[in-house]
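Heads up: the structure comes next, in structure tokens.
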Amino acid sequence: MVSVQNLHKTYRGALEPSLSGLSFSFPQGRIAGLLGPNGAGKTTTISILCGLVKADSGDVRLFDLHQDAHHREAIKKLIGIVPQQIALFPQLSAWENLVYFGNLYGLKGKPLYASIATYLQRFGLESAGKKEVYKFSGGMKRRTNIIAALLHNPKLLILDEPTAGVDVQSRNMILQFLKEYNRQQGVSILYTSHLLEEAQSLCDEVAIIDQGRLVLQGQPSQLVQQHPECRNLEEVFLHHTGLAVRD
Ligand SMILES: Nc1ncnc2c1ncn2[C@@H]1O[C@H](COP(=O)(O)OP(=O)(O)OP(=O)(O)O)[C@@H](O)[C@H]1O
Ligand SMILES: [Mg+2]
Numbered sequence: 086m087v088s089v090q091n092l093h094k095t096y097r098g099a100l101e102p103s104l105s106g107l108s109f110s111f112p113q114g115r116i117a118g119l120l121g122p123n124g125a126g127k128t129t130t131i132s133i134l135c136g137l138v139k140a141d142s143g144d145v146r147l148f149d150l151h152q153d154a155h156h157r158e159a160i161k162k163l164i165g166i167v168p169q170q171i172a173l174f175p176q177l178s179a180w181e182n183l184v185y186f187g188n189l190y191g192l193k194g195k196p197l198y199a200s201i202a203t204y205l206q207r208f209g210l211e212s213a214g215k216k217e218v219y220k221f222s223g224g225m226k227r228r229t230n231i232i233a234a235l236l237h238n239p240k241l242l243i244l245d246e247p248t249a250g251v252d253v254q255s256r257n258m259i260l261q262f263l264k265e266y267n268r269q270q271g272v273s274i275l276y277t278s279h280l281l282e283e284a285q286s287l288c289d290e291v292a293i294i295d296q297g298r299l300v301l302q303g304q305p306s307q308l309v310q311q312h313p314e315c316r317n318l319e320e321v322f323l324h325h326t327g328l329a330v331r332d
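Those letters in the sequence shown? Residues 86 to 332, per the working numbering, in order.
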């Protein structure tokens, strides 16, 4: 579903590169995790995948389409993006926000309203739909942000730290939804996190990146098995990325 080859990116004015020859690929239909410490390059990679940031060099493909000007519109229809920072209009209600995002994808009228109502209910927000988003808790905002990425029925859902800053109940609901969405609708999922326990239980495959490079890729259980000294994915992660704080 996603293939990244030898990606390089240095932001304008930055002293260090953010990506230094990053390569990884994930097959279709899986829940894939892009894992790494703060500043590893997760958001930069996702922004390049979505066509929001331009790489200096390297090759990016989604569903065998090159991410370039020629395929940008086709790729936009295939993917749903949940950004790391909440991207909603605080003065609008959840319903108004979702109508706006649906319209951006060319959706309107009854089918759009039916879809919004279904998802608000699925995410426990049916009674909050008419409330302005600035009155929402962090978890409610995050769940609304996820719905905004689902309305056009993407084939690949990309989520950048979807469980950051939410409580246990919201987190559970989000993770449960992602599993069901993948298994029942066959939608591929690419998610980033630095919560290794969560990634181990959610992901079929993970790529661990650090300082803009791939460190390790594989199925969580296999990666743990390959490291007899490590009891879980978090220990494998620390084994390869070290104990130094990154910020
Ligand atoms: N717009 C920008 N301009 C300059 N440097 C940037 C920019 N965005 C990110 N960086 C730098 O690029 C590197 C990778 O950042 P990125 O946000 O991709 O990491 P991340 O893995 O998503 O981190 P986090 O877990 O904190 O979200 C960091 O060193 C960061 O400071
Ligand atoms: Mg990030």
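Beta carbons are placed, not taken as given, at the ideal position from N, Cα and C, and that holds for glycine.
The model shown is predicted, which means the values in this text are computed figures rather than measured ones.
With 5 Å as the limit, the residues whose C-beta approaches any heavy atom of ligand 1 more closely are Tyr96, Ala99, Ser103, Asn123, Gly124, Ala125, Gly126, Lys127, Thr128, Thr129, in sequence along the chain.
Per the coordinates, the alpha-carbon of Ala172 lies some 33 Å from the alpha-carbon of His325. Burial check for Arg97: the Cβ neighbour count within 10 Å stays below 16, so the residue is exposed.
Annotation: the continuous beta strand (DSSP E) that includes Leu147 extends over 142-147.
Annotation note: the region 133-197 contains the following uninterrupted alpha helix (DSSP H) runs of length 4 or greater, listed N- to C-terminal: 157-163, 179-189. Under the three-state reduction of DSSP output, Glu290 falls in the strand class.
Around Glu217, the same chain offers Pro175, Gln176, Leu177, Ser178 as residues with beta carbons nearer than 8 Å, after the five sequence neighbours per side are excluded. If you look at Arg256, you'll find it isn't in any beta strand (DSSP E); it sits in the alpha helix (DSSP H) that goes 253-270. In this structure, Asp245 has its beta carbon less than 7 Å from a heavy atom of ligand 2.
Using a cutoff of 7 Å, the CB of Gln206 does not count as near ligand 2, since none of the ligand's heavy atoms is closer than that. At least one heavy atom of ligand 2 lies less than 7 Å from the C-beta of Gln169. Between the alpha carbons of Pro102 and Ile133 lies a distance of about 14 Å.
Rounded to the nearest whole angstrom, the CA to CA distance from Thr248 to Ile259 is 7 Å.
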